[in-house]
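Below: one structure, written as structure tokens.
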């Protein structure tokens with residue numbers, strides 16, 4: 003009998019109804035455009051708030067994948083652990099992750115290889131209610147159709163530890179790395195824009211000087227930047243806005259960015 007991690011935030015962060023969810027994602031994707039000749043991204047940084055807040059920003063990253071739907075067959079997904087204190091990186095024990103759009107198979111072979119690393123642990127409880135990974139899945143299901151998943155919740159881990167994990171499973175063009183992260187939290191609108199602009203300058207220059215105050219997924223971002231420097235990947239900002247631009251007030255906002263990393267040409 004298969005072990006399925008059920009959707010935990012359907013109906014809260016995104017619609018629980020399959021048809022409504024599919025329609026909302028398609029609408030968000032159709033509002034974006036992709037430059038002709040865009041390269042296949044090796045990695046993405048994508049926000050993880052409710053879709054009414056950050057869905058349009060996320061759509062800018064996921065629309066970029068549509069021409070490569072037949073190429074990408076595995077997604078390595080990293081996001082911060084919001085509810086469970088962790089040291090290192092946590093894998094699930096599940097065979098599938100479920101959303102209203104269906105079940106996604108876990109790449110159990112890769113997970114078993116990763117679990118042999120000292121910084122990686124199988125901790126099912128870290129995934130039970132974690133939204134940072136789950137909210138990415140319906141977008142991925144829409145644009146890629148069929149793929150396997152390597153999901154990891156990130157706690158206290160060094161950039162080198164995370165980069166070593168990514169290096170072990172980065173593969174070729176068939177593998178996409180997705181880091182789930184919002185930016186600054188609960189500052190006034192203009193202050194947040196200044197803060198986030200500075201953070202984005204560090205990310206876009208592959209400078210890993212990102213603190214936990216700059217992004218809730220700072221640890222996986224730092225690990226990705228470490229790997230990006232080794233691989234010579236170039237970062238491109240696809241979209242930036244905050245909750246004051248979308249569905250919230252401007253007194254206490256959360257920042258969102260979509261960033262793609264591709265091989266330099």
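Residue numbers (the working numbering): 3 to 267.
Backbone N, C-alpha and C fix where the C-beta goes; we use that ideal spot for every residue, glycine too.
Item: Start-to-end residues for the alpha helix (DSSP H) that takes in residue 54; Value: 53-65
Item: Touching by the beta-carbon criterion (3+ pairs, under 8 Å), the stretch 62-80 and the stretch 248-257; Value: no
Item: Secondary structure of residue 13, DSSP reduced to three states; Value: coil
Item: Alpha-carbon spacing of residue 52 relative to residue 114, whole angstroms; Value: 31 Å
Item: Beta-carbon proximity list for residue 40, same chain, < 7 Å, skipping 5 on both sides; Value: 66
Item: Contacting residues, own chain, Cβ-Cβ under 7 Å from residue 23 (five flanking each side not counted); Value: 16, 17, 102, 103 and 140
Item: Spatial neighbours of residue 176 in its chain, beta-carbon cut-off 8 Å, leaving aside the 5 residues before and after; Value: 73, 74, 75 and 76
Item: Sequence ranges, alpha helix (DSSP H) only - wholly within the stretch 192-243, length at least 4; Value: 220-233
Item: The stretch 195-211 contacting the stretch 163-182, beta-carbon criterion three pairs below 8 Å; Value: no
Item: Length of the line joining the Cα atoms of residue 227 and residue 162; Value: 10 Å
Item: Three-pair Cβ contact test at 8 Å for the stretch 228-235 versus the stretch 258-266; Value: yes
Item: Residue span of the alpha helix (DSSP H) that contains residue 251, given as start and end; Value: Segment: none, residue 251 is in no alpha helix (DSSP H) and carries neither H nor E.
Item: Where residue 224 falls, given that 16 or more other Cβ within 10 Å makes a residue buried; Value: buried
Item: Residue 158, buried or exposed, once every other Cβ within 10 Å from all chains shown has been counted against 16; Value: exposed
Item: Own chain partners of residue 145 with C-beta closer than 8 Å, once the 5 adjacent residues on each side are dropped; Value: 31, 64, 65, 67, 68 and 71
Item: Where the beta strand (DSSP E) through residue 156 begins and ends; Value: 150-156
Item: Under the three-state DSSP convention, the category residue 7 falls into; Value: strand
Item: Sequence-distant residues of the same chain with beta carbon closer than 8 Å to residue 19, five excluded per side; Value: 102
Item: Residue 126 classed as buried or exposed, judged by whether at least 16 other C-beta atoms fall within 10 angstroms; Value: exposed
Item: Beta bridge counterpart(s) of residue 258 as assigned by DSSP; Value: 243
Item: Separation of residue 212 from residue 258, as counted between CA atoms; Value: 15 Å
Item: Nearest-angstrom Cα separation, counted from residue 261 out to residue 46; Value: 6 Å
Item: Where the alpha helix (DSSP H) through residue 138 begins and ends; Value: Run containing residue 138: none; DSSP gives neither H nor E here.
Item: Residue from 216, 121, 246 and 143 with nearest C-alpha to residue 165; Value: 121
Item: Euclidean distance between Cα positions of residue 97 and residue 215; Value: 34 Å
Item: Cβ separation of residue 248 and residue 14, assumed to be a contact under 8 Å, to the nearest whole Å; Value: In fact, because the Cβ distance is near 17 Å, the residues do not count as touching under 8 Å.
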